[in-house]
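So the sequence lines, in the order shown, correspond to chains G and P. Quick note, this note's numbering runs 148 ahead of the 1-based positions in the first sequence. Quick note, this note's numbering runs 148 ahead of the 1-based positions in the second sequence. Using N, Cα and C, we set each Cβ at its ideal position, and we do this for glycine too. Predicted model, so just to flag it, every value in this text is computed and none were measured. Since the structure comes first, as structure tokens, the remarks are kept for the end.
2 protein chains.
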Amino acid sequence: MRNRATRHFEEELEHLKERLLVMAGAAEEQVRVAVQSLVDRDDAMAEQVLTGDDPINQLHLEIDERCFQLLALHQPVATDLRMVVSGVKINSDLERIGDFAVNIAEATLGYVEHPAVKPLIDIPRMAGIAQGMLRDALNAFVRQDMTLAQDVLDRDDSLDKLKDQVFRELLGFMLANPAVTEQALDLILISRHLERIGDHATNIAEEAIFIVSGLDVRHHGREGGTPHDA
Amino acid sequence: MRNRATRHFEEELEHLKERLLVMAGAAEEQVRVAVQSLVDRDDAMAEQVLTGDDPINQLHLEIDERCFQLLALHQPVATDLRMVVSGVKINSDLERIGDFAVNIAEATLGYVEHPAVKPLIDIPRMAGIAQGMLRDALNAFVRQDMTLAQDVLDRDDSLDKLKDQVFRELLGFMLANPAVTEQALDLILISRHLERIGDHATNIAEEAIFIVSGLDVRHHGREGGTPHDA
């Protein structure tokens, strides 16, 4: 009986991980399409991102309920419990990432109404980094791969640097030519959304490290410094 | 034995709520001080917010562990389980609000290096609304007061409107006088941080409603619309 319950729990836990991977894939795709719509100045594509948030919201509710049922029916302890509690948190991070993709698409809809400020280089680069961080953070969680999780944490700095670079460059454009102020503001906000997607991927990687090592890497080395620019 | 365990669980749950209230109070105070430092152009006060984040981060770790222990030792079910799982989520929301206070203080440190753009009216107003939402959301959760929780949800719109108003006004300032671009950008970002604090207070209020009514008010009426501008 116990073995059967254990097996059932393990199956349910595997299923939870699969659903989190599905949700992460959907969120990553939303980010990709949102930034592609910006690069292509394609407002129909941006609109697609707005409706594309619904399935992610549905997954959010489903996974939340799945975690709750796992806790209620199986009352896991130790590492199993940590996995499920992390599932709850990661689910929130992924839902938030979906929201950022929508925020990017909305800013894009404003952006394409004006002439372009400049060719976009750093923002697509930021999107690529953020998508990679998200993908790898989830894989690190599912496979309990600490090396990969640490690698995600290491990439967050490059995203912060690019965000600062985008800001300085666009501020220069605005000062030189106030006519581009609105467009430049849209791009600054988009770069911040991408940076925050990286922050959420970082949260997920930190959860992965915590589960495997019991080591809480949150709030270390940040004292007096910059927390997630959330 | 069972009664004793139940009593012990209830005591622990009360203690969890108390700690969440302490953390919410600390986060609210950080927001208050950050915006006060902006209004007073007081960089020493802004610096104080940066160090003031440490106790909140410590509470974040402590409460997370407290929730984990409650789940591991008492294996609660039904409403008790929902309370603890909500505790995990609310803890994350509060930690994030603390980060936003730091972000506001950081923007303030940039802001005070330049002459003021304009007298600040809407931003202190936004701060007052966000602080009230945070306080009431926590009270709604602790007291299981659905009316108060619903009231928090209703206030989120006014924050969004003020954010848009701040944006339009400052954009006007920038276009009229590019010399204020940097300062105006700081204020735009600060207003967005405040709006996001309201979003997290909304999350907390939604959790409170969910616990009491079992009604999941997340992701309703937002389809195709604007998710939390997260």
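Legend entry - Those runs of the alpha helix (DSSP H) which lie wholly inside the region 284-372 of chain G and span at least 4 residues: Fully enclosed alpha helix (DSSP H) runs of 4 or longer: 294-324, 329-361.
Inset, instruction - Counting only the same chain and skipping the five closest in sequence on each side, list residues whose C-beta sits under 7 Å from that of G/I352. - result: Only residues of its own chain outside the window of five on either side were considered, and among them I238, D241, A285, L286, F289 have a CB closer than 7 Å to the CB of G/I352, listed in chain order.
Inset, instruction - Label G/I269 either buried or exposed according to how many other C-beta atoms from any shown protein chain fall within 10 Å of its C-beta, with 16 as the threshold for buried. - result: Exposed, since its Cβ has fewer than 16 Cβ neighbours within 10 Å.
Inset, instruction - Answer with buried or exposed for G/P224, where buried requires no fewer than 16 other C-beta atoms within 10 angstroms of its C-beta. - result: G/P224 is classed as buried because its beta carbon has at least 16 other beta carbons within 10 Å across all chains shown.
Legend entry - Span of the alpha helix (DSSP H) around P/D212: Segment 191-222, the alpha helix (DSSP H) holding P/D212.
Legend entry - Any 3 or more C-beta pairs closer than 8 Å across the region 304-324 of chain G and the region 315-333 of chain P: The way I'd put it, the region 304-324 of chain G does touch the region 315-333 of chain P; three or more beta-carbon pairs between them come closer than 8 Å.
Inset, instruction - May I ask you to report which of helix, strand or coil DSSP gives G/I271? - result: Helix, per DSSP.
Inset, instruction - Take P/R189 and list the residues in its own chain whose beta-carbon comes closer than 6 Å to its own, dropping the five residues that flank it on each side. - result: Closer than 6 Å at Cβ, skipping near neighbours: V260.
Inset, instruction - With 8 Å as the threshold, decide whether the Cβ of G/F157 is near any Cβ in chain P. - result: So, not an interface residue.
Inset, instruction - Below 7 Å between beta carbons is the criterion; list the residues of the region 210-232 of chain G that meet it against any residue of chain P, in chain order. - result: Residues passing the 7 Å Cβ filter: F216, L219, A220, Q223, V225, L229.
Inset, instruction - Pull up the distance between the alpha-carbon of P/Q184 and that of P/G280, whole angstroms please. - result: Rounded to the nearest angstrom, the two C-alpha atoms are 16 Å apart.
Legend entry - Residues near G/Q358 by beta carbon distance below 6 Å, same chain, minus five either side: Before going on, a small fix: residue 358 of chain G reads as Phe here, not Gln. Within the same chain, G/F358 has close Cβ partners D364.
Inset, instruction - Report yes or no: do three or more beta-carbon pairs, one from the region 227-234 of chain P and one from the region 332-349 of chain P, lie closer than 8 Å? - result: Short answer: they don't touch.
Inset, instruction - Compare the C-beta of P/K237 with all C-beta atoms of chain G and state if any pair is closer than 8 Å. - result: For P/K237, the closest Cβ of chain G is nearer than 8 Å.
Inset, instruction - Taking only beta-carbon positions, decide if G/P263 is within less than 8 Å of chain P. - result: With its beta carbon at least 8 Å from every one in chain P, G/P263 lies outside the interface.
Legend entry - Same chain, Cβ closer than 8 Å to P/L307, neighbours up to 5 away in sequence not counted: Only M274, I277, A278, M281, L342, E343, G346 meet the Cβ criterion.
Legend entry - Three-state secondary structure assigned by DSSP to G/H156: Three-state DSSP puts G/H156 in a helix.
Legend entry - Any C-beta of chain P under 8 Å from that of G/D364: Judged by the 8 Å Cβ criterion, G/D364 is in contact with chain P.
Legend entry - Given 8 Å, three or more beta-carbon pairs between the region 208-227 of chain P and the region 159-171 of chain P: In short, these stretches touch, since the Cβ pair count reaches three.
Inset, instruction - For G/M281, decide whether its Cβ has a neighbour in chain C, counting only Cβ atoms nearer than 8 Å. - result: Within the model displayed, chain C is absent; protein chains G and P are what it includes.
Legend entry - Backbone secondary structure at P/H376 - three-state DSSP: Note that P/H376 has pLDDT 44, beneath the 50 cutoff, so the model's placement of it is unreliable and the number below is only indicative. Coil.
Inset, instruction - Starting from the C-beta of P/V314, find all residues in its chain whose C-beta is less than 6 Å away, skip the five residues before and the five after it, and write them out in chain order. - result: Answer for P/V314: D270, S339, listed in chain order.
Legend entry - Continuous alpha helix (DSSP H) stretch holding G/V236: start and end: From DSSP, the alpha helix (DSSP H) with G/V236 extends over 226-259.
Legend entry - Beta carbon proximity, P/M322 to chain G, threshold 8 Å: Interface criterion met: the Cβ of P/M322 is under 8 Å from a Cβ in chain G.
Legend entry - Within chain G, partners of P/N151 - CB distance below 7 Å: Taking a Cβ-Cβ cut-off of 7 Å, P/N151 has no neighbours in chain G, whose nearest Cβ is about 20 Å from it.
Legend entry - Secondary structure of P/K266, DSSP reduced to three states: Correct three-state label for P/K266: coil.
Legend entry - Rounded C-alpha distance that separates P/G373 from P/H367: Residue confidence is low: P/G373 scores 38 on pLDDT, short of 50, so the model does not pin down where it sits. Its coordinate-derived value is still stated next. Taking the straight line from one Cα to the other gives about 10 Å.
Inset, instruction - Could you list which residues in chain G have their beta carbon closer than 8 Å to that of P/S240, in chain order? - result: Under the 8 Å cutoff, chain G gives K237, S240.
Inset, instruction - Using a cut-off of 7 Å between C-beta atoms, extract the partners of G/T329 located in chain P. - result: Result: L319, M322, L323.
Inset, instruction - Compare the C-beta of P/H163 against all C-beta atoms of chain G and say whether one is closer than 8 Å. - result: So no, P/H163 is outside the interface.
Inset, instruction - Take the Cβ of P/Q178 as the centre, count every other Cβ of all protein chains shown within 10 Å, and call the residue buried at 16 or more, exposed below. - result: By the beta-carbon neighbour count (other beta carbons within 10 angstroms, threshold 16), P/Q178 is buried.
Inset, instruction - Measuring alpha carbon to alpha carbon, tell me which of P/T154, P/Q196, P/E159 ends up nearest P/L257. - result: Looking at the Cα atoms, P/Q196 is the closest of the given residues.
Inset, instruction - Under 7 Å Cβ to Cβ from P/T227, same chain only, skipping five residues before and after it: list those, please. - result: Cβ-Cβ distances below 7 Å link P/T227 to I359 in the same chain, with the five nearest sequence neighbours on each side left out; the list follows chain order.
Inset, instruction - Below 7 Å CB to CB, which residues in the same chain sit around G/L219 once its five sequence neighbours on both sides are set aside? - result: Contacts found: V232.
Legend entry - Rounded C-alpha distance that separates G/L186 from G/D202: When rounded, the distance between both Cα atoms is 21 Å.
Legend entry - Per-residue contacts from P/P272 into chain G (C-beta, under 8 Å): In chain G, no part has a C-beta under 8 Å from the C-beta of P/P272; the shortest such distance is about 21 Å.
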